[in-house]
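Beneath this line is the structure, given in structure tokens, with notes to follow.
Protein chains: 2
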Amino acid sequence: MEKNTVAVSLEQAYRLLNHGPTVLVTSAHGDQCNVMAAAWNMPLDFKPPKVAIVIDKQTYTRELILASGSFAINVPCAAQADMVVKAGSSSGRDWLEKPETSKLAALDLPTFAASNIQAPLIQGCIAWLECKLIPEPHIQETYDLYLAEVVAAWADDRVFSKGHWHFEGHDALKTLHHVAGGFFFTPGESIQAK
Amino acid sequence: MEKNTVAVSLEQAYRLLNHGPTVLVTSAHGDQCNVMAAAWNMPLDFKPPKVAIVIDKQTYTRELILASGSFAINVPCAAQADMVVKAGSSSGRDWLEKPETSKLAALDLPTFAASNIQAPLIQGCIAWLECKLIPEPHIQETYDLYLAEVVAAWADDRVFSKGHWHFEGHDALKTLHHVAGGFFFTPGESIQAK
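Chains as they are written, first to last, in the working numbering: chain Y, 215 to 408; chain R, 215 to 408.
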């Protein structure tokens, strides 16, 4: 387990994605693993927690998710912005002919083991959701839309604890919110509405 | 049309939602209209642009969307945070017995007309996506998940132009990113990744 990593209750797992961060999806099957970037993700339900995420037909990730029935959502941080763009602009297929390595290795991404699924979790990210695919072939084929149940969740307690993000003093650990072309916002001022 | 409101090309409409803002959904059918808050939304495709959004079974909005086949996504701003929480904590049904008014009127929300759909657009928001429902009854019933095609999009050009958000000098017009319990982040520092 990563230093600073604590379990997030399933009831509060949606809060890791509720404010709209761009994420990294990791997947594994057999001796293959992969990572891709995904801005198009959202919570889908509270209890049990579910998520929806768009996984393009061309991705190698899709093949591994369909084969394994699971994947992980890793929430990257500001310090990882360049890597997130690199993860979003190459395909895991590029490494298929080099069995000694992988896209994860090429991006220099050390990982640690998930608790309930085979997909690895990326070190240096600030939250992780372990997800089991809810098979819905029609929307997978027609819209590249994948649904999953969150079976475990983790966060870096320097920036997420007691169900809330708190980034004060941790600019490098802020979530990334992609607009387009490698341009991201990070969370700034907060508002507590009445 | 609202002052400062300019058309956003359909190719760039996804950029209005890509960074994960919480939105307001407006809907209308016959002489009824409504508004609800929705943090669970995401782009689903580029061309034609599509979106996915969660619309709970209990909402009056759902009834109006199913009857009319369309809805609008309004992107609210920091100045509207209190109103967004109010919109998220009451139901349009509460006004059904008072035909002279509506939840929109009760929240003091003046609107302007959309170009392609009946749902009204909320003044003071900073972007608007006019959406036509893509009927998918199975996922609507099972997951409260609604898909739609974006048929027109608009933005306040003080903060969105040439395909990019630019909030400098406009704190009150920043997007809202809900975590939980009325606590929102607004966009802060930006990062242009390499």
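Beta carbons: idealized from backbone N, C-alpha and C, even for Gly.
When C-alpha distances from R/Gln406 are compared across R/His378, R/Ser284 and R/Phe399, the shortest belongs to R/His378. Taken through DSSP and simplified to helix, strand or coil, R/Trp342 comes out as strand. Take the alpha-carbon of R/Val220 and the one of Y/Ala327: they are about 48 Å apart.
R/Gln406 has a beta carbon lying within less than 7 Å of a beta carbon in chain Y. Distance from the Cα of R/Lys271 is smallest, within the candidate group Y/Ser282, Y/Asp259 and Y/Pro263, for Y/Asp259.
Assignment of beta-bridge partners to Y/Ala366 by DSSP yields Y/Glu344. Residue range Val237 to His243 is occupied by the beta strand (DSSP E) that includes Y/Leu238.
Contact annotation: in the stretch 365-381 of chain Y, residues whose CB is within less than 9 Å of a CB in chain R are Gly377, His378, Trp379 and Phe381. In terms of CA proximity to Y/Leu343, Y/Ala362 leads the group Y/Pro351, Y/Tyr357, Y/Ala362 and Y/Ile353.
Under a criterion of Cβ atoms nearer than 7 Å, no residue of chain Y is adjacent to R/Arg276; the nearest Cβ is some 15 Å distant. The three-state secondary structure of Y/Asp296, taken from DSSP, is helix. The Cβ neighbour count for Y/Thr325, taken over all protein chains shown within 10 Å, is at least 16; the residue is labelled buried. A check of alpha carbon separations from Y/Gly395 across Y/Ala253, Y/Thr240, Y/Lys346 and Y/Leu224 identifies Y/Ala253 as the nearest. Around the beta carbon of Y/Gly306, 16 or more other beta carbons sit within 10 angstroms, so the residue counts as buried. Considering only beta carbons, the part of the stretch 232-251 of chain R lying closer than 9 Å to chain Y consists of Asn232, His233, Gly234, Pro235 and Thr236, in chain order. For the C-beta of Y/His384, not a single chain R residue is nearer than 8 Å; the gap to the nearest is close to 12 Å. Y/Ala221: not part of any alpha helix (DSSP H); member of the beta strand (DSSP E) spanning Thr219 to Ala221, first to last residue. In the assembly as shown, Y/Gln332 is a buried residue. Its beta-carbon has 16 or more other beta-carbons within 10 Å. By the Cβ criterion, the stretch 296-306 of chain Y is not in contact with the stretch 354-370 of chain Y, since fewer than three pairs of Cβ atoms, one from each stretch, lie closer than 8 Å.
Between the stretch 310-322 of chain R and the stretch 358-373 of chain R there are fewer than three inter-stretch CB-CB distances shorter than 8 Å, so the stretches are not counted as touching.
Counting along the chain, no alpha helix (DSSP H) covers Y/Pro401; the unbroken beta strand (DSSP E) around it starts and ends at Phe397 to Gln406. Judged by DSSP in its simplified three-state form, R/Asp358 adopts coil rather than helix or strand.
In this structure, the straight-line span from the alpha carbon of Y/Ile336 to that of Y/Ile348 is close to 23 Å.
The residues Ile269, in chain order, have a CB closer than 6 Å to that of R/Arg276 in the same chain once the five nearest residues on each side in sequence are set aside. Looking at Y/Arg229, Y/Thr236 and Y/Pro334, the one whose alpha-carbon comes closest to that of R/Phe397 is Y/Arg229. Contact annotation: R/Phe399 and R/Lys388 have beta-carbon atoms that are not nearer than 7 Å.
In the DSSP assignment, R/Ala286 falls outside any alpha helix (DSSP H) and within the unbroken beta strand (DSSP E) covering Ser284 to Val289.
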